[in-house]
Each structure stands twice: as structure tokens, then as C-alpha cells.
Amino acid sequence: MLVFLETLEKVVTNYLDDLTDVTKGGMPASIVEELATIKDELKSANTQQEVYKKQRLVITQDRISALNDCYTTLVQIINTAQLVFANEPAKRAQYSYRPTTGSSSITDFVGQVAPNETKVITQVSYDKESFIGFENRGETTLQFDISTDEVTLNGNMVELESGAINNQPMEWLLADVTNGTKVNVLAYNPSTTSTGSYWVSTDV
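Count along the sequence shown starting at 1, add 591, and that's the number in my numbering.
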């Protein structure tokens, strides 16, 4: 449209005398001014739109960064509450949530871990921004982690007392792993006498 208006303005300007000649119909000269005004307004709007397109990526990145900051703070509050209300299950439940990245692939795993057993709960594709939720539903302390093998808790381990809940991003649990790498979600029961129970939620 802008190219059309610019071309039309040039044509009208070149033939202005003929177009405004009263003996040939007499187009008002003000039409040329109106045409120039419309062209300039459209050109200005087009420029503003192009500038916004370039800024939109930055704006989106800023929004994502702000949301991630809020999410990180939320996780810290929830995890702190699990310690503060260690002996109050009802309070702990108020400070729990289902971590999600908006995916439809949320999967819950409920099971038991024998005394002194390291159990592979599931295998998932590593995604540093995805969260895994852990809950100790038994009476004995359990340890959770993700690992590239089936026996070694070699990242930042999550240790939960009975009834405790914790949610952590994969990047915190195991850093320096490439997205897409297959990793195992592990649960370890350090007790030599009691069987442990767990709930784990993945969103990968």
C-alpha cells in the first residue's frame, strides 16, 4: 500500500496542472496534500511496526526472565516450608504444587524402595528447565537424584524425611548434561530395616 501511495503521489504531482485544469474536470489541489498526508502517516506507522518487531524479541525475553525469577522464588519458598513445617503434614501440603512446563506429558510414579536399595524409578530425556517433584510417603528417610547410570547418585541429591516434598529443576539436580540425554530418576533407601515409599512427578 505504501509503494502504491508513493507512486500515485509522483504521478499526481507530475500531471498536477492537467488534473487541476477546470476545463478538464478540475480536481481539487487539496487532494494532493491529503494524499501526501496519508502517505506520511502510513510510512510512520510502518516504521513503528518494524521497530516493534525488533523489540518484541527483547520484550519476550524480559518477560520470560521475570517469570523464571518468580518461579525460582516460589520453589525456594516451597522447599523452605518443607523444613519449617517438617512435623506438620497439613501445613506442608499447603506449600506443595505440581511442577509443569505446560506440557501434556506429566507422569506420576508411586512405589516402594526396599532397605538399602537404589531404585530406578523411570528414565527421561534431560531438559535443564524441566522440574521433577519428589515426595516421601513412607516412614524412613529417602534420597532422590537423577543420574546417567542406574546406581550412582552423582548430582545434587534431594534428601527427604517422612512426609516431606521437594521440587527441583533438572539443571540443579545434575548440571553439565546436554538436553535430550537419557537420565535415570533414582531413589535410594539408606535404611537397613524399613521399606520406603515415594511419589515422583516428571514433566518431560
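All C-beta atoms in this analysis are idealised placements derived from N, C-alpha and C, irrespective of residue type, glycine included.
Cβ distance (whole Å) where residue i is taken to contact residue j below 8 angstroms
i: Ile669; j: Asn758; result: 6 angstroms
i: Asn707; j: Thr783; result: 6 angstroms
i: Tyr717; j: Val774; result: 5 angstroms
i: Tyr662; j: Ala672; result: The pair is not a contact, with the Cβ atoms about 16 angstroms apart (cut-off 8 angstroms).
i: Pro781; j: Thr732; result: 6 angstroms
Euclidean distance between Cα positions of residue i and residue j
i: Lys630; j: Thr598; result: 10 angstroms
i: Lys644; j: Ile650; result: 10 angstroms
i: Glu641; j: Glu720; result: 32 angstroms
i: Val768; j: Val711; result: 19 angstroms
i: Thr793; j: Asn678; result: 26 angstroms
i: Thr772; j: Ser635; result: 49 angstroms
i: Phe676; j: Asp740; result: 34 angstroms
i: Thr628; j: Phe595; result: 14 angstroms
i: Ser785; j: Val666; result: 30 angstroms
i: Ala657; j: Val742; result: 37 angstroms
i: Asp736; j: Ile655; result: 27 angstroms
i: Lys601; j: Leu648; result: 37 angstroms
i: Gly729; j: Pro760; result: 23 angstroms
i: Thr664; j: Glu624; result: 58 angstroms
i: Leu626; j: Gln652; result: 40 angstroms
i: Asn770; j: Gly746; result: 16 angstroms
i: Gln639; j: Gln646; result: 10 angstroms
i: Lys682; j: Asn637; result: 56 angstroms
i: Glu762; j: Ser753; result: 25 angstroms
Residue nearest to residue i in terms of C-alpha spacing, selected from the options
i: Met748; options: Glu741, Thr739, Gln734; result: Gln734
i: Ala705; options: Val666, Tyr779, Val791; result: Tyr779
i: Leu744; options: Tyr686, Ala766, Leu665, Gly787; result: Ala766
i: Ile723; options: Phe700, Arg654, Lys682; result: Phe700
i: Ser788; options: Asp653, Arg654, Asn727; result: Asn727
i: Val795; options: Ser621, Phe725, Val715, Glu625; result: Val715
i: Glu750; options: Asn770, Phe725, Ser738, Glu762; result: Phe725
i: Gly702; options: Val791, Thr638, Asn605; result: Val791
i: Ile821; options: Gln652, Thr604, Gln639, Lys682; result: The chain is shown from 592 up to 795; residue 821 falls before or after that span and cannot be answered.
Buried versus exposed call for residue i [16 or more other C-beta atoms within 10 Å across all chains shown]
i: Leu764; result: buried
i: Leu674; result: exposed
i: Glu632; result: exposed
i: Ala755; result: buried
i: Ser738; result: buried
i: Thr709; result: buried
Residue i: CB within 7 angstroms of a non-hydrogen atom of the ligand SAM
i: Val774; result: Ligands in the displayed structure: none, and consequently the ligand SAM is not present.
request  = Could you tell me which uninterrupted alpha helix (DSSP H) segments, each at least 4 residues in length, are contained entirely in the segment 625 to 687, listed from first to last along the chain?
outcome  = Runs found: 680 to 685.
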